[in-house]
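Structure first, commentary second.
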Amino acid sequence: MSTPILSILNLTVDLPKGGDRPFAVQDLSLTIAPKEIVCIVGESGSGKSITSFTTMGLLPKALTPSTGEVVFDGKDLLKVGADEHAKMRGSQMAMVFQEPMSALNPCYTVGDQIEEMFQEHTSLPKAERKARTMTLLEEVHLPEPARIYSSYPHQLSGGQRQRIVIAMALALDPKLLIADEPTTALDLSTQAQILHLFKELREKHDAGIMFVTHDFDVVAEIADRVVVMQHGQIVEEGTAEEVLNRPRHPYTRLLIDAVPRRTRDQRDLGDGEAMLKVEGLNKTYHIPGSMFKKARDVHACKDINFKVRPGETLGIVGESGSGKSTLVKCLIRLEDPDDGSVWVEGKNIAGYSRKGLHPYRKMIQIVFQDPYGSLNPRRTIGDQLVEGPVNFGANRADAMEKARELMRIVRLDPDALNRYPNQFSGGQRQRICIARALMVEPKVLIADEAVSALDVSVQKEVLKLLNEIRDRMGLTVLFITHDLRVAAQVCDNLIVMQKGEIVERGTVDQVFGAPSHAYTRMLLDAQPGKGWEVPDVSKLPPVTV
Amino acid sequence: MTDTTTELEPVVTATDQSKPLTPRQAMVRRALRHKGLLFGSAVILAIVFIAVFAPFLTEHDPFKQSLLARMKPPVFMGGDENHVLGTDALGRDYWARLAYGARISLMIGLLAAVISGLIGSTMGIMAGYFGGRVDTVVTFLINVRLAMPVVLVALAVVALFGGSLMVVVSVLGLLLWDRFAVVLRSATMQVRKQEYVAAAEVLGASLPRILIKDILPNVMNHLIVIFTLEMAHAIILEAALSFLGLGVQPPTPSWGLMISEGKEMLLFEPWMITIPGIALFLLVLAINMMGDGIRDVTAPEGRN
Amino acid sequence: MLMFILKRLGLALLVALTVSAISFSLLFLAGDPAVAIAGENASQQDIAAINERFGFDRPLPIQYLDWLRNAVQGDLGMSWYFDLPVTELIADRLSVTMRLGLSAITFALVLAIPMGVAAAARPNSLIDRAALLISVVGQAIPSFWFGLILVVIFSINLGLVPASGNETWRHFILPTVVLGYYATPAIMRLTRAGMIEVLSADYIRTARAKGLGTRKIMFKHALRNAIIPVVSLAAVQMGFMLGGSIVVESIFALHGAGYLAWESISRNDLPTMQALILIFSTFYIFFTFLADVLNAWLDPRLRVS
Amino acid sequence: MNFKTLLASTAIAATATTGALAGKADDTLKMAFQRELESVDIYYNSAREGILLARALWDSLLYRDPVSGEYKGNLATEWTWVDDVTLELKLREGVTFHNGEPFNADDVVYTVNYVTNPDSNVKVVKNVSWMDHAEKVDDYTVRIILKAPFPPAEEFLAGPVVIYPNEYYEEVGPAGMALKPIGTGPYKMAELEPGKHYLLELNDNYFGGPKGKGSIGKIDIETIPDINTQVAELFNGELDYLWNVPADQTEKLDGLGKYNVENAQAMRIGYIAMDAAGSVDPEGPMTNKLVRQAIYHAIDRQAIVDALVKGSSIVVNSACAPIQFGCEQDLTSYDYDPEKAKALLAEAGYPDGFEIDFYAYRNRPYAEAMMGFLNEVGITTNFNYLKYAALREKRTKDEVAISFQTWGSYSLADASAITGEFFTGGVLDDAMDAEVIDWIKEADSTGDKEKRKGLYSKALKKIADEAYWVPLWTYNVNYVMSPDVAYTPTNDEIVRFFDISWN
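Residue numbers (UniProt numbering), protein chains in the order written: chain A, 1 to 545; chain B, 1 to 304; chain C, 1 to 305; chain D, 1 to 503.
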């Protein structure tokens, strides 16, 4: 290994007083060599981003590095002045962020924003700056560089914007490239392309790359070395091969164990009558124009047909814009479908007026994606749990008793019913949401990306809970997700949606094993870390710490 | 699987002290640390106290004139103890008028804000919740209202119907609803998008129930903040109307009217305009500071 | 695109029409116009003559439609008080009010934006507190009181500026300060809040990661974005100021449209009142439209793709 | 906060720099109007400001000496009554208008015939409606033909009826006259912005006459609505001459000892109008003579005059201004006696008083003070302060039972100018007393001075006995001038620019 471009030694960053722990990162040491991708892995709050921000000198004011050194190119970055550090940013070290949608200034063309790098750090003439910018656009494989050059960020897709950010980072050929969850906000197919781009960069440039992520599949895809962090400390470090396949630290093992498996045991569901049957459902949105935009129609659901049996989990998979959310909204009648029918227990609930629907509302319940937005912050948990039964005529005291029982089922303390949502973590909130949905004894439970916002370890728990409840109550579950791994693990059957249409359906094995539609194949192909078989941690040798 | 039996997330127990406070507790705690809010509330409390207990705070009748004791200076300008803040142009005790006037000014602010709040928030919440045509109509009405020069229209109406307290309050109430509507419309739109509203709908909650249980509590902080702003706005507008001679009718001791009367002697007896001027300034300042404080304190709870 | 501009204009027209209809019906309920025309010393005989001449006995809707038909042709009628065409009368007064309004909004922007930016750059610093103080005081101080105090201090005691009239730019200093200060708090608060929000945006972090200097980040990247809502607010404030400069104009004896409106109320000069309300609302509509156009220029997201 | 310093910092009395910087140096008298004058054309305005300008810009045929009250020739040199309705006037020769047009009989005939034509729609019809038409006898002799005998004809010819240049007026009409007034007067209009600004210049070719030539070169008039701003400009030396300054400010300005302060009575009087005829409410308390007398007794008019009205004002008991011809002074008066007022109320059946809406349109403090007195005797008043037009409309619609009114009689020194307006059965006649109506109508059309006096006396005595009005006080006008300015005001609220001079 060549001389490291970055070596962090015993770095400690203090948290402001009154937090739940004294340090954001503590006693952290790591090195990154040129042409090396080092992945920093950890769950939210592990301090993985703090490390990258400290290096870039972009820490929020509240956080201050107290001890240690960050040696970059022979200089301790903690000791250089703010101005000097600013000069090094962009020119010698660059960064790519998680959220491409908001990482670019909406008011300037992307060409301007890339050129700004040259303007700031070099004295190149204008023509040369533009030429270099065009080269960069080509390097990150953007089509029609000339058009892109004069486009504004909002005219580009998320993937294109992320390429712009990467191009910007590469502009001055920095020695260190820091990427903070650069693919997390992207669709699967885009993620694959961006990851590919990073691999390409490793070949073409000399930069060392610090790649922060929470996703072990991504790690498996691109990492040379891996650093695992927990509570601000490094718990394990090693080559990708070692860490992924033979983790030694219990926490690493726990994380890896929580990664959903791509296969599951087939269950026998019998040939029961369909619990939920959707026939010929269509939904078109009319997007009214604004002062400067034309009105248009979006066909969000085209002729959707499927059925689900009692006790079955049907996965609906698709990227953003595939129409899966619209489908869900039509099922729970937050939107009215244009036509088609939705049969539950012999009732076509798509046919009722909003008023007539009331008694049948409880048959289909839902758990949403965002654990923070789906509970009313101003009402106690208990109040929100009894809402459903009370709306359907139950007596409040009985409902409260039932709420206590359901709290136990979702493994929360029933006494917590008088608390407010802000006193719970994300995973706990999702359990509360599940309990809330179950309060009205639905026949069908829709989990709409219900675990997507959760850390992998929490995700695992919630998935387990969902399965338990399904089996215990004989629920029919519609599991909406963009994550193929999760879908593979929890679903019996799958539907793949693209642009409002179902393009593929079948059992998990059929869909994943022998996909018939090109889109499905493309999705499967785009999954990162395909070559990595998640090890069974229970079979690994005991921990030697 | 070595540790799947370990709960990754500890089960919450009701006695757990390390968990965050309830929203209300957190709000109270923030409120107690907010200097502006404390100052504003203290001043308002003081003024309310003066208004309520005016009869006990002065032995003078605010309407009792004495043409022989006109424009006596306040005690700190060399006046006598009998009239602590002096007397006005008709020899009425200034302190008594100020104290009783607090009632009028507070009442104008409160009533005007209540009227405009009812109109504006109903319109705003309806527009924000239903969107579509309701929103189009409400937006149009807001535009019409904003395009109307408010001071002129208020003046014209008061000139027409005379300046009784009721007329002034109604005119202000009917003219100042725009900010309620604008803010509550967008706040409601925000809340409307939240998944808990969708969840309530799916759980069969009726429309009024959703509005009362889910929408209203979550736009309440905006409502309160605008309420204070408009209350201050109404008080200051009434003073401006009085200044132009079209506010509430004398001898009602409104502070705006006292300023307007004191204005006559601005250059010679500046205390006559300064005393009610400062009172009005303090009241409006305090209401605004309280509004700002409430906004800071009730800002959406941090997501950790 | 054209459709939308037309739609937008149609809406503006509808707003103006509604405002004028409302104000017309309000105004014509306000006292007997004939008495107003005749004046304080008129006898009953005079009043009867006037009533007949102007046709005030006709039904209100007909009088309104009459007015509207003429207004569409650019004829806003004759001022009952001055016996001059209203358009002529207003054109003269409006220039004073426009000058006052423009200088006041400039004053407000020049004071509020830098302070808002500085306050946002260092929340809770001395400058932030000073900005807060200026804005809470500005909201609470009645403009008539403030105006009179300024006259006493700067005109009488210090003799620096004239107290009344509109002959030279010096006459506009005090009114500009009073009227401008009225608009300052809202603009400053919005600038500050906008800057704070923008400064925490991802693209500012990107800009910092690019190694840009603080000034470039603040002004090129942050302010450009934060200013967009300020533009809309300034337009609204400008509209309000034109219609709300009554008090200021009466204190400083500026013969502007606001003062004319106020006097017209007391003189029941309905054609003038009616025209002024129409013009003020048109200005409001015009300024908000202008702000939309300006914002489209500032914010490419609002432009045609 | 040091309250006292704050107050002190805004107090100017101590630190004010005395003005009188400009003015005399460039021979320009600067003064202010408080409100916008609608039109300079005297026949198309009804404002006091209009009268001021008219006296400076134009001339009337006669002139009434404000001190002696004697009528003198002005544009006319001699005048004789041919019969009851025909007045023959000899005109002054050699007079020219500001534009050079010579003055002769044609101008007089044109003017009279123009203003008396109903189609001309002059604003104050009463000023001219007594004339029927004028006839030219020769170039310098005219006859004015009256509709009916009109005793105060000379007063009107010396006041509002001014002579316009026929050729010019024919050409430009009222609109042109309003923008560029042309007359024969001692001053001519040099600059004019309607409602805002007037600059008068001395007319070097002025013929003299009883007005005399003015002495100040230019008179610069701005409209400054706020009295505080006017006073501020006086302090700054931007104004030399304030007019209609409120009593309290006048006292304070006088106290500074730096200004020339004058006070003069006005013809305007204040009164309380009451619904004696019951047209608002036939059963209302105001229909009861005892109640009206009680109100009379309840109000301490002298105290209000002393404390608020001040100046040269006096309490009046007659329904007219004392300087007006025929204004009887020897009649029933009612002292301030609240106990008696209460007794009268009790006698009238209101032992506990009653509640009533009290209206006013000017002098809010006076009204408030009167309400204070009424409250003392048990009459609870709800105050309604309205614009003049709104109040007048309410009165004509019979919605006002009691109100505080004033009347300025167009500065006409004749009782007919007030009684003729309010006691001859018109819509503003609250008494509707048939006897009074007859007496006054007869007086208004009688030429015999003594007979008229007797008729007015009878009418005014009955008005006082019945307490149809509560006459209150005469008004006064305060003039505050820079020490360089000399002017002796007269008792008619008219500022004669040509009588002002520099010290």
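Quick reminder that beta carbons are idealized off the backbone N, C-alpha and C, glycines included.
On a predicted model such as this, the values are computed, not experimentally measured, just so you know.
Query - Endpoints, beta strand (DSSP E) assigned at D:Y114 - result: Translated into positions along the fourth sequence, residue 114 of chain D becomes position 114. If you look at D:Y114, you'll find it isn't in any beta strand (DSSP E); it sits in the alpha helix (DSSP H) that goes 105-116.
Query raised in the report: Does DSSP classify D:D484 as helix, strand or coil?
Result: The count along the fourth sequence starts at 1 and reaches residue 484 of chain D at position 484. D:D484 falls in the coil class under three-state DSSP.
Query raised in the report: Closest Cβ-Cβ distance between D:Q249 and chain B: below 8 Å?
Result: Along the fourth sequence, read from residue 1 onward, the residue named residue 249 of chain D stands at position 249. The C-beta of D:Q249 comes closer than 8 Å to at least one C-beta of chain B.
Query - Residue range of the beta strand (DSSP E) that includes A:E279 - result: Translated into positions along the first sequence, residue 279 of chain A becomes position 279. Unbroken beta strand (DSSP E) run through A:E279: 276-287.
Requested in this report: Please list the partners that C:N225 has in chain A, where partner means a Cβ-to-Cβ separation under 9 Å.
Outcome: By 1-based counting over the third sequence, the position of residue 225 of chain C is 225. Under the 9 Å cutoff, chain A gives N105, P106, C107.
Query - Length of the line joining the Cα atoms of residue 328 of chain B and C:S25 - result: No answer is possible for residue 328 of chain B: the residues shown for chain B start at 1 and end at 304.
Requested in this report: Locate the beta strand (DSSP E) running through D:T490, then write down its first and last residues.
Outcome: Position 490 of the fourth sequence, counted from the start, is the residue given in the question as residue 490 of chain D. Element bounds for D:T490: n/a, residue is neither H nor E.
Query raised in the report: Excluding five sequence neighbours on each side, which residues of the same chain lie with their C-beta closer than 7 Å to the C-beta of A:V243?
Result: Stepping through the first sequence from its first residue, residue 243 of chain A is reached at position 243. Setting aside the 5 residues that flank it on each side, A:V243 is surrounded in the same chain by V226, V228, E236, T252, each with a C-beta closer than 7 Å to its C-beta; the list follows chain order.
Report task. With DSSP as the reference, please indicate the residues paired to A:G208 in a beta bridge. Result -> As a working mapping, residue 208 of chain A is identified with position 208 in the first sequence. DSSP lists A:L176 as partners of A:G208.
Query - C-alpha gap between D:T498 and D:K213, whole angstroms - result: Start at 1 with the first residue of the fourth sequence, and residue 498 of chain D comes out as number 498. Start at 1 with the first residue of the fourth sequence, and residue 213 of chain D comes out as number 213. For the sequence presented, residue 498 of chain D should be read as Phe rather than Thr. Roughly 6 Å separates the two Cα atoms.
Query raised in the report: For D:D433, which of D:G447, D:Y468, D:T446, D:D444 has the nearest alpha-carbon?
Result: On the fourth sequence, residue 433 of chain D is found 433 positions in, with the first residue counted as 1. Ranking the options by Cα distance to D:D433, first place goes to D:Y468.
Query - From A:R419, A:Y372, A:K443, residue whose alpha carbon lies closest to that of A:G346 - result: As a working note, residue 346 of chain A is residue 346 in the first sequence. The shortest Cα separation from A:G346 among A:R419, A:Y372, A:K443 belongs to A:K443.
Query - Environment of B:W271 [buried if 16+ CB atoms lie within 10 Å] - result: Within the second sequence, the letter at position 271 stands for residue 271 of chain B. Burial call: buried.
Query raised in the report: So with Cβ pairs under 8 Å, would you call B:E35 a contact of chain A?
Result: As a first step, residue 35 of chain B is located in the second sequence; it is residue number 35 there, counting from the start. Contrary to the premise, residue 35 of chain B reads as Lys rather than Glu in this sequence. By this cut-off, B:K35 is not an interface position.
Query - Cut-off 7 Å between Cβ atoms - residues of its own chain near A:L136, not counting five sequence neighbours on either side - result: On the first sequence, position 136 is the one that residue 136 of chain A refers to. Around A:L136: I114, A167, L170, A171.
Query raised in the report: Cβ atoms of C:I196 and C:A207: under 8 Å apart, would you say?
Result: The residue given as residue 207 of chain C occupies position 207 in the third sequence. The residue given as residue 196 of chain C occupies position 196 in the third sequence. Result no, Cβ atoms of C:A207 and C:I196 do not sit closer than 8 Å.
Query raised in the report: Where does the unbroken alpha helix (DSSP H) through B:M220 begin, and where does it stop?
Result: Position 220 of the second sequence holds residue 220 of chain B. Segment 216-243, the alpha helix (DSSP H) holding B:M220.
Requested in this report: For my contact list, B:A147 and C:Y284 are in at a C-beta cut-off of 8 Å; report their separation, rounded to the angstrom.
Outcome: Translated into the one-based positions of the second sequence, residue 147 of chain B becomes position 147. Translated into the one-based positions of the third sequence, residue 284 of chain C becomes position 284. The beta carbons of B:A147 and C:Y284 sit about 5 Å from each other, so the pair counts as a contact at 8 Å.
Query raised in the report: Roughly how many angstroms lie between the CA atoms of B:Y196 and B:V202, to the nearest whole one?
Result: Position 196 of the second sequence, counting from 1, holds the residue named residue 196 of chain B. Position 202 of the second sequence, counting from 1, holds the residue named residue 202 of chain B. When rounded, the distance between both Cα atoms is 10 Å.
Query - Chain-ordered chain C contacts of B:N288 [CB-CB under 8 Å] - result: Mapped onto the second sequence, residue 288 of chain B falls at position 288. By Cβ distance, chain C contributes V136, Q139, A140.
Query raised in the report: For the candidate residues C:G258, C:A275, C:I204, whose alpha-carbon lies nearest to that of C:S79?
Result: Residue numbering aside, residue 79 of chain C sits at position 79 when the third sequence is read from its first letter. Cα-wise, what sits closest to C:S79 is C:A275.
Query - Where A:I332 sits in the DSSP three-state scheme - result: Translated into positions along the first sequence, residue 332 of chain A becomes position 332. In the structure shown, A:I332 sits in coil (DSSP, three-state: anything other than H, G, I, E or B).
Report task. Report the neighbours of A:S91 on chain C: residues whose CB is nearer than 7 Å to its CB, in chain order. Result -> Counting from 1 along the first sequence, the entry for residue 91 of chain A is found at position 91. Here the neighbours are G211.
Report task. Closer than 7 Å, Cβ to Cβ, to anything on chain D: give me those residues from the segment 256-282 of chain B, in chain order. Result -> Answer set for the segment 256-282 of chain B: K263, E264, M265, L266, L267, F268, P270, W271, T274.
Query raised in the report: Who are the neighbours of B:K239 on chain C, taking C-beta pairs under 7 Å?
Result: Here residue 239 of chain B corresponds to residue number 239 of the second sequence, with the count starting at 1. Per the sequence shown, the amino acid found at residue 239 of chain B is Ala instead of Lys. Those are P142, listed as they occur along chain C.
Query - Alpha-carbon to alpha-carbon, A:T380 and A:M210 - result: For the purposes of this step, residue 210 of chain A is taken as the residue at position 210 of the first sequence. For the purposes of this step, residue 380 of chain A is taken as the residue at position 380 of the first sequence. Distance between the alpha carbons of A:M210 and A:T380: 43 Å.
Report task. Run down chain D in chain order and give the residues with a C-beta less than 8 Å from the C-beta of C:L148. Result -> Numbered from 1 along the third sequence, position 148 holds the residue referred to as residue 148 of chain C. Within 8 Å Cβ-Cβ: N228.
Report task. Can you say whether D:I51 is buried or exposed, counting buried as having 16 or more other CB atoms within 10 angstroms of its CB? Result -> Locating residue 51 of chain D in the fourth sequence gives position 51, where the first residue counts as 1. If you draw a 10 Å sphere on the C-beta of D:I51, you find 16 or more other C-beta atoms in it, and that means buried.
Requested in this report: Figure out for me which residue from A:P421, A:R470, A:V456, A:Q98 has the closest Cα to the Cα of A:L445.
Outcome: Along the first sequence, one-based indexing puts residue 445 of chain A at 445. Among A:P421, A:R470, A:V456, A:Q98, the Cα nearest to that of A:L445 is on A:R470.
Query raised in the report: Taking all protein chains shown into account, do 16 or more other C-beta atoms lie within 10 angstroms of the C-beta of A:L331, making it buried, or fewer, making it exposed?
Result: Within the first sequence, numbered from 1, the residue matching residue 331 of chain A stands at position 331. Here A:L331 is buried. Its C-beta has 16 or more other C-beta atoms within 10 Å.
Requested in this report: Excluding the 5 residues preceding and the 5 following D:L21 in the sequence, name in chain order all residues of the same chain whose CB lies nearer than 7 Å to its CB.
Outcome: For the purposes of this step, residue 21 of chain D is taken as the residue at position 21 of the fourth sequence. Caution applies to D:L21, whose pLDDT of 48 falls short of 50 and renders its modelled position unreliable; the value that the coordinates give is listed next. Closer than 7 Å at the Cβ level, and outside the excluded window around D:L21, lie G237.
Query raised in the report: Is D:Y366 close to chain C, meaning its C-beta is less than 8 Å from at least one C-beta of that chain?
Result: On the fourth sequence, residue 366 of chain D is found 366 positions in, with the first residue counted as 1. Taking 8 Å as the CB threshold, D:Y366 stays off the interface with chain C.
Query raised in the report: Looking at A:M400 and A:V386, is the spacing between their C-beta atoms short of 8 Å?
Result: Within the first sequence, the letter at position 386 stands for residue 386 of chain A. Within the first sequence, the letter at position 400 stands for residue 400 of chain A. Result yes, Cβ atoms of A:V386 and A:M400 sit closer than 8 Å.
Report task. Compare the C-beta of A:G373 against all C-beta atoms of chain B and say whether one is closer than 8 Å. Result -> Reading the first sequence from its first residue, position 373 is the one you call residue 373 of chain A. Flagged as an interface residue toward chain B: A:G373, by a C-beta distance shorter than 8 Å.
Query raised in the report: Taking Cβ positions only, does D:Q405 come closer than 8 Å to chain B?
Result: Within the fourth sequence, the letter at position 405 stands for residue 405 of chain D. D:Q405 does not count as touching chain B.
Query - A:E236 - partner residues in DSSP beta bridges - result: Residue mapping note: residue 236 of chain A aligns to position 236 of the first sequence, counting from 1. Bridge partners of A:E236: A:V228.
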